[in-house]
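So the sequence shown is numbered by the numbering used here: it starts at 16 and just counts up by one. All C-beta atoms, glycine included, are put in the ideal place defined by N, C-alpha and C. Below you'll find the structure, written out as structure tokens, and then a few comments.
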Amino acid sequence: MLRHVLVAGAAIAGLVACGPGEQNVDAGDPLAADATPQTMDAATLQALLISVEEGGVVELPEGTIELVDGLSLDVNSVTLRGAGQDKTILDFSGQSGAGEGLLITSDDVIVEGFTMRDTKGDGIKSKGADRITYRDLTVEWSGGPDESNGAYGVYPVESSDVLVERVTVRGASDAGIYVGQSDNIIVRDSLAEFNVAGIEIENSTRADVYNNTVTNNTGGVLVFDLPDLPKIGGHSTRVFGNQIFDNNTRNFAPPGNIVASVPSGTGIIVQANERVEIFDNTLTDNRTAHILLVAYAPEFTDERYNPLPRDIYITQNVYENGGYEPQGDLKMLAMLMGGDLPDIVSDGVNAWPGHEPVDLGLVIDEPETVSYVSLGLGAYPLDPKNLSPTDQRPVSALGERLPTVELSHDK
């Protein structure tokens, strides 16, 4: 930790100038011979986030900081750094209201090295925050899966150049790691467990989701596009190199949430998204299905919206023990098909009102030992009575592979 001069003040303790272009703020006084991190109170922490200058660093000490209100940061180029995920704990169990624990609305921010625990709303939300980094963080709800938990663990939205790495989220009642309405995204080397959705990329473009462990969620990795949002037309997501297993936790999302319809036991779901590559993943023990490709089922009026999953490329994944106990609506469909579901399941929807049937551009480049079914539901309105299953794989031409996502601040 950089040495600094402790500046006394009733509202702001630990404000320090550390040289041209950088400012460090800390609650301890390392000039003392026996200096150890001191406990920082909530008022001091929020005051530091308000007073820190552009390019500054706010250092959080070891220990637990108890908060009753959410925090906010709107200064560009700030680093908020704890002493480590298991050393600096921001405890929101006494939080009033239902807001997020930390709201970030500025660019070029790094948050790293601490735990957010038991927020009433979302853990960390960033909105319109370009080139943001979430690193070495834990966001968790200590009571386990419960619909009263906050919706999202880390929640960047309406941003460009988003990096999420080495982040752990447990217990979110919607999605653990969620990136929405954003562009240029990397989610890697992270752990999502005991959430409704482990990792969700929604209404976003150009995302790489890789080297993550996704387990004990209701659904593992979701790539969605929804109508009636400012940014629609999600495309160009790569999901690769992930360990996706045992995603069999009951769905504990509050009724009415989009993810409340996600059946327990799904590894990867692609809904109404375009140009998605799924490769080099290991999918194990997901009881409903390892991969689901589905249309957006509810009625919609957004004329910009295409509800079909299309141009999906699936290759070189490892599949073990999936579809053995389907849940939700798929349970009935599985019974009609003999009880189990294949590794890869497509609903087979290829048209919606006012549009002719289209080639979905689905390419499954997997060995014949990998099982597949199209449910053959055809056109809207979606009705299980129209079930016409086939295991014949679609024959579509593979387009150009998606490029690697590169971020200017990923060093």
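Within the stretch 334 to 373, the runs of alpha helix (DSSP H) that reach at least 4 residues and sit entirely inside it are, in chain order, 344 to 351.
Annotation: L241 is outside any alpha helix (DSSP H) and is labelled neither H nor E by DSSP. Setting aside the 5 residues that flank it on each side, S141 is surrounded in the same chain by I119, I147, P171, each with a C-beta closer than 6 Å to its C-beta; the list follows chain order. Going by DSSP, S66 is part of the alpha helix (DSSP H) stretching over 57 to 66. With 16 or more other Cβ atoms from the protein chains shown falling within 10 Å of its own Cβ, D137 counts as buried. For G186, there is no enclosing beta strand (DSSP E), as DSSP marks it with neither H nor E. Between the C-alpha atoms of N232 and E217 there is a straight-line separation of about 17 Å. Here Y193 is near E215, since their CB atoms are less than 8 Å apart.
K135 is the residue among K135, D122, K102 whose C-alpha sits nearest the C-alpha of G116. Around E69, the same chain offers V90, N91, S92, V93 as residues with beta carbons nearer than 8 Å, after the five sequence neighbours per side are excluded.
Contact check for P278 against F209 fails: the beta carbons are separated by 8 Å or more. The shortest CA-to-CA distance from T299 to any of D151, S175, I259, M347 is the one to I259. DSSP lists S141 as the bridge partner or partners of P171. Judged by DSSP in its simplified three-state form, N199 adopts strand. Within its own chain, the residues whose Cβ lies closer than 6 Å to the Cβ of D358, once the five positions on either side in sequence are excluded, are H305, Y334, G337, V385, S386, listed in chain order.
Judged by DSSP secondary structure, S251 falls within the beta strand (DSSP E) whose first and last residues are 250 to 255.
Within its own chain, the residues whose Cβ lies closer than 7 Å to the Cβ of S411, once the five positions on either side in sequence are excluded, are D374, G376, L377, V378, listed in chain order.
Under DSSP, V93 shares a beta bridge with no residue. Taking 8 Å as the cut-off, the beta carbon of V229 is found closer than this to the beta carbon of A207. According to the DSSP assignment, L117 belongs to the beta strand (DSSP E) that extends over 117 to 119. Inter-segment contact for the stretch 322 to 329 and the stretch 359 to 373 is present: three or more beta-carbon pairs are separated by less than 8 Å. In the structure shown, the three-state DSSP call for V83 is coil. One alpha carbon belongs to S163, the other to G195, and they sit about 22 Å apart. For A304, the three-state secondary structure derived from DSSP is strand. Residue pairing from DSSP leaves E381 without any beta-bridge partner. When Cβ pairs closer than 8 Å are counted between the two stretches, the stretch 284 to 291 is seen not to touch the stretch 256 to 272, the count staying below three. Per DSSP, the beta-bridge partners of T153 are T130, T183.
Distance from P341 to L351 at the Cβ level is roughly 11 Å; contact not present, criterion being Cβ atoms closer than 8 Å. Shown here, I329 sits in a strand according to DSSP, grouped into three states.
Inclusion of V169 and S197 in the CB contact set at 8 Å is not warranted, their separation being larger than that value.
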